[in-house]
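Data block below; observations after.
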Amino acid sequence: MNTWSRFFIPTLKESPADAEIASHKLLVRAGLVRKLGGGLYTYMPLGLRAFRKISDICRQELDSAGAIELWMPHVHPVELWEQGPRWAAAREIMFRADHAGDGKRAPKDPEFVLGPTHEEIITPLVKQEISSYRDLPKNFYQIGTKFRNEIRPRYGLMRAREFVMMDAYSFDADDEGAVKSYFNMKSAYESFFKRIGVTAIAVEADTGVMGGSFSHEFMVPAEVGDDDVIYNETSGYAANREKATSGLVPADLADAAPAGDVEEFATPGVVTINALSKEPYSVPGDTQFKTLVYIGDDKPFLVILRGNDELEEAKLGSLGFGLLRPATPDEIEPVLGAKPGSLGAVKGTIKNPAALAGIFADHAIRLIGNGVTGANKDGFHLRNVNVARDLAITRFGDFRRVRAGEPCPQCGQPLQSKRGIEVGHIFKLGTKYSEKFGAVYTDDKKENHPMVMGCYGIGISRTLQAVIEQSHDENGIVWPWAVAPFQVLVCLLDPGLPEAAELAQKLGKAAESAGADVLIDDRDERPGFKFKDADLIGIPLRITIGGKGLKEGIVELKWRAKKDVVKIALADAESALVAAVQEAASQG
RNA sequence: CGGGGUGUAGCUUAGCCUGGUAGAGCGCCUGGUUUGGGACCAGGAGGUCGAGAGUUCGAAUCUCUCCGCCCCGACCA
Numbered sequence: 021m022n023t024w025s026r027f028f029i030p031t032l033k034e035s036p037a038d039a040e041i042a043s044h045k046l047l048v049r050a051g052l053v054r055k056l057g058g059g060l061y062t063y064m065p066l067g068l069r070a071f072r073k074i075s076d077i078c079r080q081e082l083d084s085a086g087a088i089e090l091w092m093p094h095v096h097p098v099e100l101w102e103q104g105p106r107w108a109a110a111r112e113i114m115f116r117a118d119h120a121g122d123g124k125r126a127p128k129d130p131e132f133v134l135g136p137t138h139e140e141i142i143t144p145l146v147k148q149e150i151s152s153y154r155d156l157p158k159n160f161y162q163i164g165t166k167f168r169n170e171i172r173p174r175y176g177l178m179r180a181r182e183f184v185m186m187d188a189y190s191f192d193a194d195d196e197g198a199v200k201s202y203f204n205m206k207s208a209y210e211s212f213f214k215r216i217g218v219t220a221i222a223v224e225a226d227t228g229v230m231g232g233s234f235s236h237e238f239m240v241p242a243e244v245g246d247d248d249v250i251y252n253e254t255s256g257y258a259a260n261r262e263k264a265t266s267g268l269v270p271a272d273l274a275d276a277a278p279a280g281d282v283e284e285f286a287t288p289g290v291v292t293i294n295a296l297s298k299e300p301y302s303v304p305g306d307t308q309f310k311t312l313v314y315i316g317d318d319k320p321f322l323v324i325l326r327g328n329d330e331l332e333e334a335k336l337g338s339l340g341f342g343l344l345r346p347a348t349p350d351e352i353e354p355v356l357g358a359k360p361g362s363l364g365a366v367k368g369t370i371k372n373p374a375a376l377a378g379i380f381a382d383h384a385i386r387l388i389g390n391g392v393t394g395a396n397k398d399g400f401h402l403r404n405v406n407v408a409r410d411l412a413i414t415r416f417g418d419f420r421r422v423r424a425g426e427p428c429p430q431c432g433q434p435l436q437s438k439r440g441i442e443v444g445h446i447f448k449l450g451t452k453y454s455e456k457f458g459a460v461y462t463d464d465k466k467e468n469h470p471m472v473m474g475c476y477g478i479g480i481s482r483t484l485q486a487v488i489e490q491s492h493d494e495n496g497i498v499w500p501w502a503v504a505p506f507q508v509l510v511c512l513l514d515p516g517l518p519e520a521a522e523l524a525q526k527l528g529k530a531a532e533s534a535g536a537d538v539l540i541d542d543r544d545e546r547p548g549f550k551f552k553d554a555d556l557i558g559i560p561l562r563i564t565i566g567g568k569g570l571k572e573g574i575v576e577l578k579w580r581a582k583k584d585v586v587k588i589a590l591a592d593a594e595s596a597l598v599a600a601v602q603e604a605a606s607q608g
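Mapped onto our numbering, the consecutive letters of the first sequence carry residue numbers 21 to 608.
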């Protein structure tokens, strides 16, 4: 049994200056982690215990879902990444793992990188090992360290450079199987989050640099989250804002007839939607066309939105470019013939249309019908611009950012929005990686097919912090039973009293045999000090043994999550403690 | 990488504007008094003031460069 004096829990009265949010402060104050550098943390003994609880439960849930654990290297030969489908985008967040010396080896490009995830490793492995439909499906997973050179590490473990992730990769013979694997993992995730006592909701998500066809994120609702979840309680619709759609544009909307000929008018000095909406022009934002210029794999392209809509940059991913960025004014003028502020996509006004990779319009501009846009001539705009007649659109798509209050795409009721922490992600990848790496199998008709993949991640270290963010009060952490580093704290107020110390041992052992992890606070400290520490580190069940209580013939039982203290006669202490442990364990 | 901030003992910080002996609280060590919600008294250890250069008789303080860290933006588990 662990005693506090022998264990190591360096608690702090004050919050470290560099911690901003509650969970980060508590991680440090409760002695769970210590910082080495930006985004680099040591898991202290107590923190490691909670961390292990989470990863063990994760492992159990994946095992019972039929996934198979393995362990892949963290150091990767760079060639695998160069061969993979996303090297251009992925290399920006990857650490190089060059040799540290300088003399012996000829300087050249990095030979090794540190793994940010393992598609590029597992796919060649499976190509090598599996070639028959008889060996499919398979789902491999590991729980290990990942390295990402985040531009901005943040909030402690929330976005770290080195972090621990469960990553799984499924391989199926066909699409139907892949969908089955996908939903199998989705339900494994759901039971995982339920077991660790975390509210995490699955939302539709963008596939990002991963590629693939569809995807869900698991979000822990929290003010400090980095993501916006757009949802509607009636229909159950929930999506990351990057992916969210709305019912703003009716499916049966007819294109407006032209309202008249296109006319040019002078707008000297007007370079914003807002300026054009004011006197003397008074063109409302929702009747203006906004023309944005982006560079996709070195070629410019246009995106057209309603004037008062914002571009949801992630949605440009559907266009299939590898690298995307906004164009600079210097890049825009030679192509369109004007500076930003007077841009448009009206046929015949674009200076060098051949240079464009395409003109992509958001569906919502069809609501405008006839509107105003830039003339591609500095200081001039065009009116009576008709969507169907005048704009040189390559194709329509969903590019705008959805706002709260717009109609839900499923039920039409207003959408709502809240912040969330992304703790898990599942992707149906398709054959993107298997084709690239030649992971094919032979079916029962002797035909070869690429395997259909899925990939799955849970940020274990991030989840640890999300638990704290979701479960704390002004005094400290309130651990859910299943992930608490210890579940029972025996608070020994008078460790010098032999009968008290003896009782602590006896009750501790009883709780242990009932299945709890027990910590005895045997330190020679004042009671108030020990209670403060107990609240801070958040052990769910506290049993207090003190000289005073012993004289009265009682011990005290207190749940961290509750206010009241229950006094229990000495004779009943053991059975009451065991019953409490069993009850907590059964409720999870 | 752009914008903003910050760096003084293990932690939280004062001092910087207006240059002149580095100070406090917590924590730590010793002794004593205390002991049911972060005790008190006395004594003590602990600081290249992020690094380098410059200005100056003299720099924590002023100037420049670099570095670290934090926050806002884009990326992600």
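Just so you know, even glycine gets a beta-carbon here, dropped at the ideal spot from N, CA and C.
#1: Counting only the same chain and skipping the five closest in sequence on each side, list residues whose C-beta sits under 7 angstroms from that of Phe419.
#2: Please report the residue range of the beta strand (DSSP E) in which Asp537 lies.
#3: Who does Val405 pair with in a DSSP beta bridge?
#4: So, is Pro500 buried or exposed, given that buried needs 16 or more other C-beta atoms within 10 angstroms?
#5: When the distance is taken between beta carbons, is Leu145 closer than 8 angstroms to Phe167?
#6: Report back the beta-carbon spacing between His445 and Ser235 to the nearest angstrom; my notes put them in contact at under 8 angstroms.
#7: Return the chain-ordered list of same chain residues with a C-beta closer than 6 angstroms to the C-beta of Asn22, the five sequence neighbours on each side being excluded.
#8: What residue does the beta strand (DSSP E) around Asn294 start on, and which one ends it?
#9: On the DSSP bridge list, what partners appear for Asp187?
#10: Quick one: what's Glu210 bridged to in DSSP?
#11: Going straight from the alpha carbon of Ile388 to that of Glu224, what length do you get?
#12: Looking at the secondary structure, which residues open and close the alpha helix (DSSP H) in which Gly57 lies?
#13: What does the alpha-carbon distance come out to for the pair Gly479 and Arg215?
#14: So the candidates are Ala193, Ala109, Trp101 and Glu112; which of them puts its Cα closest to the Cα of Ala459?
#15: Quick one: Cα of Trp609 to Cα of Pro560, how far?
#16: Where do the ends of the alpha helix (DSSP H) carrying Tyr453 lie?
#17: Helix, strand or coil, according to DSSP, for Leu449 in the structure here?
#18: Would a C-beta distance cut-off of 8 angstroms place Ala85 and Leu343 closer than the cut-off?
#19: Alpha carbon to alpha carbon, how far is Pro97 from Glu489?
#20: I'd like to check one pair, Val355 with Ala375: are the Cβ atoms closer than 8 angstroms?
#21: Name the DSSP bridge partner or partners of Thr18?
#22: Would Asn159 be called buried (16 or more neighbouring beta carbons within 10 Å of its own) or exposed?
#23: Less than 6 angstroms between C-beta atoms, sequence neighbours within five positions excluded: which residues of the same chain meet that for Pro278?
#24: Taking Lys568 as the reference, give the member of Glu467, Leu527 and Pro547 with the closest Cα.
#25: To which residues of the same chain is Ile74 closer than 8 angstroms at the C-beta, ignoring the five residues directly before and after it?
#26: Using CA coordinates, which residue listed in Gly164, Ala37 and Glu99 is at the minimum distance from Cys78?
#27: At what residue ranges does the region 461–533 contain a whole run of the beta strand (DSSP E), taking only runs of 3 or more?
#28: Is it buried or exposed for Glu678, if we count other Cβ within 10 angstroms and need 16 for buried?
#29: In its own chain, which residues sit with a C-beta less than 8 angstroms from the C-beta of Gly197, not counting the 5 before and 5 after it?
#30: If we call anything under 8 angstroms between Cβ atoms a contact, is Ala208 one with Met239?
#31: Under the three-state reduction of DSSP, which class applies to Asp329: helix, strand or coil?
#32: For Tyr257, collect the residues of the same chain with a Cβ closer than 7 angstroms to its Cβ; drop the 5 residues on either side in sequence, then sort them by chain order.
#33: How far does the beta strand (DSSP E) with Thr564 in it reach, from first residue to last?
#34: Leaving out five residues on either side along the sequence, give the residues of the same chain with a beta carbon under 6 angstroms from the beta carbon of Gly361.
#35: Please classify His119 as buried or exposed, where buried requires at least 16 other C-beta atoms within 10 Å of its C-beta.
Well, looking at it:
#1: Your numbering for residue 419 matches position 399 in the first sequence. Val323, Leu325, Leu331, Glu332, Lys335, Leu336, Phe380 and Asp382.
#2: As a position in the first sequence, residue 537 is number 517, starting the count at 1. Careful: Asp537 lies outside any beta strand (DSSP E) and carries neither H nor E.
#3: For the purposes of this step, residue 405 is identified with residue 385 of the first sequence, where counting begins at 1. Its beta-bridge partners are Gly391.
#4: Mapped onto the first sequence, residue 500 falls at position 480. Flag for Pro500 reads buried.
#5: Residue 167 sits at position 147 when you count from the first residue of the first sequence. Residue 145 sits at position 125 when you count from the first residue of the first sequence. Their beta carbons are not under 8 angstroms apart, which means Phe167 does not touch Leu145 by this criterion.
#6: As a first step, residue 445 is located in the first sequence; it is residue number 425 there, counting from the start. As a first step, residue 235 is located in the first sequence; it is residue number 215 there, counting from the start. His445 to Ser235, Cβ: 7 angstroms. Contact.
#7: Position 2 of the first sequence holds residue 22. Contacts found: Leu539.
#8: On the first sequence, position 274 is the one that residue 294 refers to. Looking at the DSSP string, Asn294 is not in any beta strand (DSSP E); the run it does join, the alpha helix (DSSP H), is Ile293 to Leu296.
#9: Along the first sequence, read from residue 1 onward, the residue named residue 187 stands at position 167. DSSP, once it has assigned bridges, lists Gln162 and Gly477 as partnering Asp187.
#10: By one-based count along the first sequence, residue 210 stands at place 190. Glu210 pairs with nothing; no bridge assigned.
#11: By one-based count along the first sequence, residue 388 stands at place 368. By one-based count along the first sequence, residue 224 stands at place 204. About 29 angstroms.
#12: On the first sequence, position 37 is the one that residue 57 refers to. Here Gly57 belongs to no alpha helix (DSSP H); instead the beta strand (DSSP E) covers Val53 to Gly57.
#13: Counting from 1 along the first sequence, the entry for residue 479 is found at position 459. Counting from 1 along the first sequence, the entry for residue 215 is found at position 195. Each residue's alpha carbon lies about 16 angstroms from the other.
#14: As a working note, residue 459 is residue 439 in the first sequence. Among Ala193, Ala109, Trp101 and Glu112, the Cα nearest to that of Ala459 belongs to Ala193.
#15: Summary: the structure shown does not reach residue 609, with the chain confined to residues 21 through 608, and so no result is reported for it.
#16: Sequence index remark: in the first sequence, residue 453 carries index 433 (1-based). From DSSP, the alpha helix (DSSP H) with Tyr453 extends over Lys452 to Phe457.
#17: To locate residue 449, count along the first sequence from 1; it is residue 429. Strand.
#18: The count along the first sequence starts at 1 and reaches residue 85 at position 65. The count along the first sequence starts at 1 and reaches residue 343 at position 323. Result no, Cβ atoms of Ala85 and Leu343 do not sit closer than 8 angstroms.
#19: As a working mapping, residue 97 is identified with position 77 in the first sequence. As a working mapping, residue 489 is identified with position 469 in the first sequence. Rounded to whole angstroms, Pro97 to Glu489 spans 37 angstroms at the Cα level.
#20: If you number the first sequence from 1, residue 375 lands on position 355. If you number the first sequence from 1, residue 355 lands on position 335. Yes. Within cutoff.
#21: Residue numbering for the chain in the displayed model covers 21 to 608; residue 18 lies beyond these limits and cannot be assessed.
#22: For the purposes of this step, residue 159 is taken as the residue at position 139 of the first sequence. Per the 10 Å Cβ criterion, buried.
#23: By one-based count along the first sequence, residue 278 stands at place 258. Here the set comprises Asn406 and Arg409.
#24: Within the first sequence, residue 568 is the residue found at index 548, counting from 1. Nearest C-alpha to Lys568: Pro547.
#25: Your numbering for residue 74 matches position 54 in the first sequence. Closer than 8 angstroms at the Cβ level, and outside the excluded window around Ile74, lie Ile216, Ile480, Thr483, Leu484, Val487 and Val503.
#26: Your numbering for residue 78 matches position 58 in the first sequence. It is Gly164 whose Cα lies nearest to the Cα of Cys78.
#27: 468–470, 472–479 and 508–512
#28: Outside the shown range of the chain (21 to 608) lies residue 678, about which nothing can therefore be said.
#29: Translated into the one-based positions of the first sequence, residue 197 becomes position 177. Within the same chain, Gly197 has close Cβ partners Leu156, Pro157 and Val472.
#30: The residue labelled residue 208 in the question sits at position 188 within the first sequence. The residue labelled residue 239 in the question sits at position 219 within the first sequence. Their beta carbons are not under 8 angstroms apart, which means Ala208 does not touch Met239 by this criterion.
#31: Start at 1 with the first residue of the first sequence, and residue 329 comes out as number 309. Reduced to three states, the DSSP call for Asp329 is coil.
#32: Position 237 of the first sequence, counting from 1, holds the residue named residue 257. Correct list, in chain order: Tyr251, Cys428, Pro429 and Gln430.
#33: Mapped onto the first sequence, residue 564 falls at position 544. Thr564 -> beta strand (DSSP E) spans Leu561 to Ile565.
#34: Against the first sequence, residue 361 aligns to sequence position 341. Only Val291 meet the Cβ criterion.
#35: Taking the first residue of the first sequence as position 1, residue 119 is located at position 99. The residue in question, His119, is exposed, as its Cβ has fewer than 16 Cβ neighbours within 10 Å.
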